[in-house]
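Going by my numbering, the residue at position 48 of the sequence shown is 70; the numbering climbs one at a time, nothing skipped. Where is the CB? At the ideal position from N, CA and C, for every residue including glycine.
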Amino acid sequence: MPFKQYFFTTFYCIALLIGCANNTLDNPGELAGKWRLDGLISIPMEFKQGEVTALDITEKVTYEAKGRDILVTYKTGVAKGTVVKYTITGDDSAVTELGTLKRVQ
Numbered sequence: 023m024p025f026k027q028y029f030f031t032t033f034y035c036i037a038l039l040i041g042c043a044n045n046t047l048d049n050p051g052e053l054a055g056k057w058r059l060d061g062l063i064s065i066p067m068e069f070k071q072g073e074v075t076a077l078d079i080t081e082k083v084t085y086e087a088k089g090r091d092i093l094v095t096y097k098t099g100v101a102k103g104t105v106v107k108y109t110i111t112g113d114d115s116a117v118t119e120l121g122t123l124k125r126v127q
């Protein structure tokens with residue numbers, strides 16, 4: 023196999039693996055940062071690498087991106103095993119069954 027073809031084949035495989043790995047990892051993607059959940063009560067939330075903080079309680083999570091949806095699976099705490107779906111509706115907004123999220127600047 024010529025070097026040029028080998029290089030591009032290898033590069034493509036590595037890019038594909040990185041892309042697949044980013045779908046289910048610690049990375050919150052578009053949810054990264056501080057938000058306010060407006061529902062029955064207003065709750066400050068922060069999505070960081072491998073964790074979510076809400077009401078000053080930090081839980082370990084994993085994130086899975088599926089189009090505009092981000093599935094957050096709780097690995098610790100009271101919500102352990104629970105999956106919450108957040109749908110990104112704009113640059114600074116998202117919705118979930120629990121209410122509407124607005125990004126905090």
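Secondary structure at Leu47: strand, using DSSP grouped into helix, strand and coil. Arg90 is not bridged by DSSP to any residue. Taking C-alpha positions only, Val117 is separated from Gly99 by approximately 23 Å. Comparing alpha-carbon positions, the option among Ala87, Tyr96, Ile92 and Lys88 lying closest to Ala76 turns out to be Tyr96.
For Glu81, the three-state secondary structure derived from DSSP is strand. Remark: C-beta atoms of Ser115 and Lys124 approach each other more closely than 8 Å. Our two residues, Gly121 and Leu53, have alpha carbons roughly 15 Å apart in a direct line. Taking a C-beta distance under 8 Å as the contact criterion, Glu68 and Glu81 do not qualify as a contact pair. Partner residues in a beta bridge of Asp114, as assigned by DSSP, do not exist.
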